[in-house]
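Report on one structure; see the data block that follows.
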Amino acid sequence: MVQPREPEASIPPSESFIPAAEPDSVTTSTNIVERIDGNDLSELFDAPPVAVVEPPRFATEAELASVSSFTVTLATGESVDITQSALLGRMPQPAEGEEFEHLIVVTDPGRSVSKTHLEFGVEGDELWISDRNSGNGSIIREPGVVPRRAQPGTRYTVVRGTRVDIGDLHLTIT
């Protein structure tokens with residue numbers, strides 16, 4: 288037969304509640320322990336200080352508006368807004384350790400566009416592009432400037448209104 292257990296002694300509610308302290312800049316675990324029941328137990332603990340971390344916050348509308356955004360529009364009419372980075376190709380694959388905001392897949396039955404053809408990046412209020420060693424290359428056609436072939440692996444800052452020929456296809460940056 289099971290014997291009923293004696294109820295454990297309970298701590299009166301008024302003594303068990305310890306209000307949260309407003310941290311100055313750093314709170315140590317020993318400071319927290321010193322306050323429990325008025326006893327100084329700090330010698331039992333040798334913990335490093337714990338930094339107070341600011342809670343995450345959402346960006347304001349003004350901050351969001353200040354982020355540069357560029358639109359890449361394919362000849363098909365499809366478009367993608369880029370605020371950070373992107374890879375474009377028939378089947379774009381980041382290299383090991385790379386991360387991109389967008390992987391832009393283009394349909395190219397003639398296979399004039401490479402699997403991973405072009406890279407885009409935003410730095411400040413500028414957009415750059417880089418040919419990823421594509422088979423047919425990339426031609427940059429900025430307004431009012433002589434067209435130039437992109438050298439693989441070289442970053443080219445481009446302006447809005449630039450057309451980029453990729454194989455038999457093209458895209459426009461706005």
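Numbering-wise, the numbering used here comes out as the position in the sequence shown, counting from 1, plus 287. Beta carbons: idealized from backbone N, C-alpha and C, even for Gly. This one's a predicted model, so the numbers in the text were calculated from it and none came from an experiment.
The beta carbons of Val409 and Ile369 sit about 6 Å from each other, so the pair counts as a contact at 8 Å. Per DSSP, reduced to three states, the secondary structure at Asp412 is coil, with no helix or strand assignment. Here the alpha carbon of Glu385 sits roughly 11 Å from the alpha carbon of Glu406. By the criterion of at least three beta-carbon pairs nearer than 8 Å, the segment 440-460 is in contact with the segment 357-366. Asp418 is not a Cβ neighbour of Pro434, given a cutoff of 8 Å. The continuous beta strand (DSSP E) containing Ala373 extends over residues Ser372 to Gly376. Taken through DSSP and simplified to helix, strand or coil, Arg435 comes out as strand. Within the same chain, Cβ atoms closer than 6 Å to the Cβ of Pro430 are found at Gly448, the five residues on either side in sequence being excluded.
In the DSSP secondary-structure assignment, Arg442 is not bridged to any residue. By the Cβ neighbour-count rule, Val393 is buried, with 16 or more other Cβ atoms within 10 Å of its own.
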